[in-house]
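Asker: Please find one structure pasted underneath; my questions will follow.
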Amino acid sequence: MCKLNTRLRLLTVSIIFFAVAISTYSSHPVYANGDSNTRTIFEMESEPYSVKVTATPSYPSIGPLHLTVFLNSINQNDLPSEANISLTVNPPIGSGLGPLVYPVSSSSINPELYDVDISLEVEGEWVLDFYIQGTLGDFSFTCPLEVVDRGSSIFAIAIVVAAFPALILSLETWRRWDRRRKRNNQLSDTSAKQSE
1 MCKLNTRLRL
11 LTVSIIFFAV
21 AISTYSSHPV
31 YANGDSNTRT
41 IFEMESEPYS
51 VKVTATPSYP
61 SIGPLHLTVF
71 LNSINQNDLP
81 SEANISLTVN
91 PPIGSGLGPL
101 VYPVSSSSIN
111 PELYDVDISL
121 EVEGEWVLDF
131 YIQGTLGDFS
141 FTCPLEVVDR
151 GSSIFAIAIV
161 VAAFPALILS
171 LETWRRWDRR
181 RKRNNQLSDT
191 SAKQSE
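In my numbering, the protein residues as written are 1 to 196.
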């Protein structure tokens, strides 16, 4: 009964540990204009514009990525009206991929917001070149973006999850071996005293 309880506890702990690890690194749906999985990846002020770029998911991995550009003027009296924004996505050097150009669409909800969905095919450092044509003038800026392979992260977690039960079983085996060794030593000491 004791062995069964120990194994059951070990199995339960392993399943909970595995579920938590996978849910931490599971992919999240892509939402426009921010959510709890959104992070600012670039922010600057340069006459006449104030610019901020957010990414969803917050830590980009291979696959789809949603970017939102917040465009405003430094002087609040000169709010920019319509602006045309284009984005050139440059893949990591040596990836064998070429740059892609995306139009960035203005949001119907807020005139300061511009959205674009892109696809990232390899891990490494991507470079995002934004070009703005607006009533306050033209402006360009560059934003580096580190992309990871989420699959390799899940593989690393799977190794850790597999190693955890193996470690517990090793400790349990060592504990039993140590208990048996001590018992054998006690028996040999007892028999040696009796033979005297």
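Glycine included, each C-beta is placed from N, C-alpha and C at the ideal position.
If you're wondering where the values come from, they're calculated on a predicted model, not measured in any experiment.
Could you check if Thr-54 is buried or exposed, using at least 16 other CB atoms within 10 Å of its CB as the buried criterion?
Answerer: Within the sequence shown, the letter at position 54 stands for residue 54. Thr-54 should be labelled buried.
Asker: Under 6 Å Cβ to Cβ from Phe-139, same chain only, skipping five residues before and after it: list those, please.
Answerer: To locate residue 139, count along the sequence shown from 1; it is residue 139. The answer, listed in chain order, is Tyr-49 and Ile-132.
Asker: Let's test the definition: count the other Cβ atoms within 10 Å of the Cβ of Val-101 and tell me whether it reaches 16, buried, or not, exposed.
Answerer: Indexing the sequence shown from 1 puts residue 101 at position 101. Classification of Val-101: exposed, given that the 10 Å Cβ count is below 16.
Asker: Quick one: what's Gly-63 bridged to in DSSP?
Answerer: Here residue 63 is taken as the residue at index 63 of the sequence shown, counted from 1. The partner list for Gly-63 (beta bridge, DSSP) reads Leu-120.
Asker: Quick check on Trp-126: buried or exposed, where buried means 16 or more other Cβ atoms within 10 Å of its Cβ?
Answerer: Here the question's residue 126 lines up with position 126 in the sequence shown. Burial call: buried.
Asker: Along the chain, where does the beta strand (DSSP E) containing Ser-86 start, and where does it finish?
Answerer: Taking the first residue of the sequence shown as position 1, residue 86 is located at position 86. 83 to 90 is the span of the beta strand (DSSP E), which, as asked, contains Ser-86.
Asker: Whole angstroms are fine: how far does the CA of Thr-142 sit from the CA of Val-69?
Answerer: Position 69 of the sequence shown, counted from the start, is the residue given in the question as residue 69. Position 142 of the sequence shown, counted from the start, is the residue given in the question as residue 142. So the alpha carbons of these two residues sit roughly 13 Å apart.
Asker: Just to check my reading of the structure: Ala-83 and Gly-134 have Cβ atoms closer than 8 Å, yes? What is that Cβ distance to the nearest angstrom?
Answerer: Here the question's residue 83 lines up with position 83 in the sequence shown. Here the question's residue 134 lines up with position 134 in the sequence shown. Contact holds; Cβ gap of about 4 Å.
Asker: So, is Tyr-59 buried or exposed, given that buried needs 16 or more other C-beta atoms within 10 angstroms?
Answerer: Sequence index remark: in the sequence shown, residue 59 carries index 59 (1-based). Burial call: exposed.
Asker: Can you say whether Pro-57 is buried or exposed, counting buried as having 16 or more other CB atoms within 10 angstroms of its CB?
Answerer: Here residue 57 refers to the residue found at position 57 of the sequence shown. Buried.
Asker: How about Val-116 and Ser-61: do their beta carbons lie closer than 7 Å?
Answerer: As a working mapping, residue 116 is identified with position 116 in the sequence shown. As a working mapping, residue 61 is identified with position 61 in the sequence shown. It is not a contact, given that the beta carbons lie outside the stated cut-off.
Asker: Using 7 Å as the threshold, is the C-beta distance between Leu-169 and Leu-145 below it?
Answerer: The residue labelled residue 169 in the question sits at position 169 within the sequence shown. The residue labelled residue 145 in the question sits at position 145 within the sequence shown. No.
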